[in-house]
Amino acid sequence: MSERARVAELRRLIAEHNHRYHVLDDPGISDAEYDRLFRELLELEAAHPDLVTPDSPTQRVGGQVASGFGNVPHAVPMLSLSNAVDDDELRAFDERLRRLLEVETLTYTVEPKYDGVAVELLYESGRLSVGSTRGDGHVGEDVTHNLRTVRAIPLVLAGAAPPLLEVRGEVFLPLAEFARINAGRLDAGEEPFANPRNCTAGTLRQLDPKVAAARGLDIFCYGVGRGESELDARTFTDQRAALAALGLKVDTRFERCEGVDRAIDFHRRIEAERDELPYEIDGSVVKLDDLALRERAGVVNRAPRWAIAFKFPARQETTQVRAIEVNVGRTGALTPVAVLEPVRIGGVTVVHASLHNADEIERLDVRVGDRVFVERAGDVIPKVVKVVKEARKGRPRRFRMPTGCPVCGAAVARLEGEVVHRCPNLECPAQVKERLRHFASRGALDVDGLGEKIVDQLVERGLVRRPSDFFELDLETLEGLDRMAARSAQNLLDALERARDVPAGRFLYGLGMRHVGEAVGEVLARAYPDLDALLAAPVDDLEAVDEVGPIIARSVREFLDEPHNREEFERLRGQLRLRTPEPLPAGDGAVAGKNFVVTGTLSAKRDEIKARIEAAGGKLRGSVSPRTDYLVCGANPGSKREKAEELGVEILDEAGLDALLADA
Ligand code: IVH
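Basically my numbering = 1-based index in the sequence shown + 8.
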């Protein structure tokens with residue numbers, strides 16, 4: 009083979025594997041093999057500079073530093089979207105469209121609304137020639153040098169591409185990449201980015217493409233400018249399929265929905281997944297599927313009538329810090345908390361926001377009176393993410409961690425290498441209360457009616473110091489508490505009685521050993537049905553338990569070796585009726601808790617297959633390893649199948665999976 013032909017072959021192979029890895033998320037060769045191909049190409053190109061072309065994969069980081077940003081006109085304007093913030097507004101959108109188009113029911117598509125930066129990619133004769141930002145919608149900035157570094161953007165389209173094609177999409181930074189970049193910036197003493205979108209925008213505005221190349225940007229394509237008619241698609245669904253066939257990356261999280269109700273349903277499904285997604289989204293985009301109907305609907309005020317952004321409730325708001333307080337937790341950790349001017353975020357009024365620890369306060373430089381951004385994501389405790397320094401009035405004092413525990417006054421310690429300050433006094437009333445609350449909490453003994461105020465009183469009156477004291481309480485004592493009617497006292501006593509019947513895993517969790525959450529409590533209870541064996545288990549033995557690492561093992565050992573803890577453990581064991589976990593039923597055993605990997609092209613949607621496996625209790629993993637139990641394998645599976653065969657992992661086709669799930 010001539011060197012020229014080998015160069016062409018290498019480019020084809022590299023582009024193919026790049027596409028499999030970055031677009032299809034289904035690698036066909038090992039990273040090492042990919043690197044070998046890449047290196048061979050680099051060497052050939054170094055030896056024959058005349059063979060280097062701009063669309064060679066080696067030229068993604070061309071080393072060419074831009075001198076500024078040229079302007080790129082958008083022949084077809086890049087529009088913005090109007091918003092719907094609730095179901096009513098989405099229904100109103102649907103009604104307007106149906107009236108305008110005189111159609112009974114409209115078919116929509118629903119996909120996530122990515123929180124990134126909109127770009128346009130111009131392909132001429134199938135080659136990426138210009139990449140630009142949206143700008144004002146008519147003219148954007150030329151950021152070709154940076155977009156070429158994005159691995160999910162093909163430099164050359166696959167198959168028969170139209171002579172000219174403008175593809176639109178959103179460039180974004182996956183959350184894991186964002187975390188990695190910010191950690192690096194903090195290490196280097198640099199200001200971290202406020203969110204992935206800012207980081208993406210900042211990255212695209214770099215003159216040196218090496219910065220972008222090192223930042224793992226990604227893209228989802230969701231539209232077409234010029235060249236639309238050449239794609240021969242009548243619907244958006246088909247248009248996306250055409251883009252995918254050209255090697256462009258489109259999201260699998262997408263659904264064609266007949267009627268507005270279905271669109272709302274799918275929007276809700278996306279919302280439910282939001283916290284698990286590896287990238288940030290702020291809603292869904294609902295679009296008419298039929299391209300001819302889109303044409304008829306037209307555009308008003310630079311937004312199409314045929315699409316709408318269906319926003320999730322905002323997660324960030326700004327408000328003012330009234331005070332900074334310090335809480336003492338179960339383990340004595342001191343947590344600074346911002347007391348806020350009440351603000352509604354996502355339907356909930358927020359008054360407190362965590363500031364985590366002294367380092368975090370210093371990093372944010374939060375001071376009393378500051379205007380701050382507060383973020384609340386799902387069930388997560390609200391946190392202060394940024395201070396609006398320009399809005400600061402006067403010169404408020406910097407916050408200092410107290411030197412004495414705000415509750416018991418003990419000298420606060422900060423251990424070498426730890427970020428948290430701690431109250432070292434195990435008898436500190438704050439710690440005692442938090443330990444008791446934890447013991448009675450939902451995931452542990454779940455004692456109904458043992459609220460915060462009651463625990464406070466019980467501790468303050470010296471009636472309860474440790475969990476076992478709960479079970480010594482009598483009716484008379486409880487009736488003597490403030491605001492405790494005879495009826496509630498009896499209810500609480502009954503609840504305590506019921507709580508004695510408890511699975512061993514929840515008891516272990518309730519003890520409050522550091523690093524032992526609900527799941528680990530359960531794991532330990534399964535591994536040691538005989539608790540005496542747990543009490544005697546050496547660290548090595550604990551570490552050998554699946555899902556227990558060295559840190560957990562050491563923490564459990566230290567806790568159980570402490571004489572007071574052990575005494576309390578024994579006392580509780582005498583009071584409670586601990587239930588040892590049932591062994592997993594054999595029928596379930598084929599799926600529940602088993603590790604699955606899915607690969608290749610399957611007839612059902614991959615997400616659906618994954619959902620069915622998860623619903624049956626199986627766990628999905630990204631790569632084949634000795635721990636893999638099943639590989640679910642479709643057509644053209646690539647390296648995962650080889651690896652599974654090598655390791656003797658059971659391989660299932662779709663019918664095999666169906667049978668397995670039906671059995672379970
Ligand atoms: S479609 C006219 N689809 O939202 C159609 N846009 O407010 C507009 N965006 O600038 C584009 N995810 O940055 C579309 N799945 C998606 C999107 C999306 C995010 C952004 C895009 C655009 C803005 C419009």
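Cβ atoms here follow ideal geometry from the backbone N, Cα and C, with glycine treated the same way.
Query: Ala241 vs Leu173 beta-carbon contact at 8 angstroms; Result: no
Query: Distance cut-off 7 angstroms: Ala55 Cβ against heavy atoms of ligand 1; Result: no
Query: Length at least 3, wholly inside the region 397-449: the beta strand (DSSP E) runs in chain order; Result: none
Query: Contacts around Val164, its chain only, beta-carbon distance under 7 angstroms, and the 5 residues preceding and following it disregarded; Result: Ala23, Asp63, Gly134, Arg135
Query: Residues bridged to Thr117 [DSSP beta-bridge criterion]; Result: Arg264, Lys295
Query: Complete alpha helix (DSSP H) runs within the region 108-193 (minimum length 4 residues, chain order); Result: 152-155
Query: Per DSSP, the bridge partner or partners of Asn603; Result: Lys627
Query: One or two residues paired with Ile316 in a DSSP bridge; Result: Val294
Query: Residue(s) in a DSSP beta bridge with Ser38; Result: None, per the DSSP bridge assignment.
Query: Assigned secondary structure, Val528 (DSSP; H/G/I helix, E/B strand, else coil); Result: helix
Query: Buried versus exposed, by CB contacts within 10 Å (16 or more), Gly582; Result: exposed
Query: Cross-strand partners of Lys394 (DSSP beta bridge); Result: Phe381
Query: Residues that DSSP places opposite Pro81 in a beta bridge; Result: Val147
Query: Cutoff 8 angstroms: Ser64 Cβ touching any chain C Cβ; Result: Within the model displayed, chain C is absent; a lone protein chain is all it includes.
Query: Per-residue burial, Gly4 [other beta carbons within 10 Å of its own, 16 or more giving buried]; Result: Outside the displayed range of the chain (9 to 672) lies residue 4, so it cannot be described from this structure.
Query: Among Arg384, Asp373, Val393, Ala418, the one whose alpha carbon lies nearest that of Arg400; Result: Asp373
Query: Gly595 versus Arg620: straight-line alpha-carbon distance, rounded; Result: Below a pLDDT of 50, predicted positions are generally treated as unreliable, and Gly595, at 47, falls in that range; no measurement from the model is reported.
Query: Arg406, buried or exposed, once every other Cβ within 10 Å from all chains shown has been counted against 16; Result: exposed
Query: Same chain, Cβ closer than 6 angstroms to Asn154, neighbours up to 5 away in sequence not counted; Result: Leu212, Pro217, Ala220
Query: Tyr29 CB to nearest heavy atom of ligand 1 below 7 angstroms; Result: no
Query: Top-ranked residue by Cα proximity to Arg585, from Thr339, Val510, Leu423; Result: Val510
Query: Cα-Cα separation between Asp554 and Gly656, rounded to whole angstroms; Result: 21 angstroms
Query: Neighbourhood of Ile462 by C-beta distance below 8 angstroms, restricted to the same chain and skipping five residues each side; Result: Leu489, Met492, Leu500
Query: Segment contact flag, the region 177-185 with the region 113-130, C-beta cutoff 8 angstroms, min 3 pairs; Result: yes
Query: For Glu658, the first and last residue of its enclosing beta strand (DSSP E); Result: 658-660
Query: For Ser88, the three-state DSSP class (helix, strand or coil); Result: coil
Query: Beta-carbon contacts of Asp94 that lie in its chain and below 8 angstroms, excluding the five residues immediately before and after; Result: none
Query: Any non-hydrogen atom of ligand 1 closer than 7 angstroms to Pro312 Cβ; Result: yes
Query: Candidates Arg506, Ala561, Ala624, of which the one nearest Gly529 by Cα; Result: Ala561
Query: Ala600 beta carbon less than 8 angstroms from that of Ala624; Result: yes
Query: Nearest residue (CA-CA) to Gly233, options Asp290, Ser563, Asp297, Ala83; Result: Ala83
Query: The region 99-111 / the region 329-349 touching (three or more Cβ pairs under 8 angstroms); Result: no
Query: Local Cβ density within 10 Å of Asp569, reported as buried at 16 or more and exposed below that; Result: exposed
Query: Inter-residue Cα distance where the pair is Gly255 and Glu128; Result: 16 angstroms
Query: Beta-carbon proximity list for Tyr536, same chain, < 6 angstroms, skipping 5 on both sides; Result: Leu542
Query: Heavy atom of ligand 1 within 7 angstroms of Tyr122 beta-carbon; Result: yes
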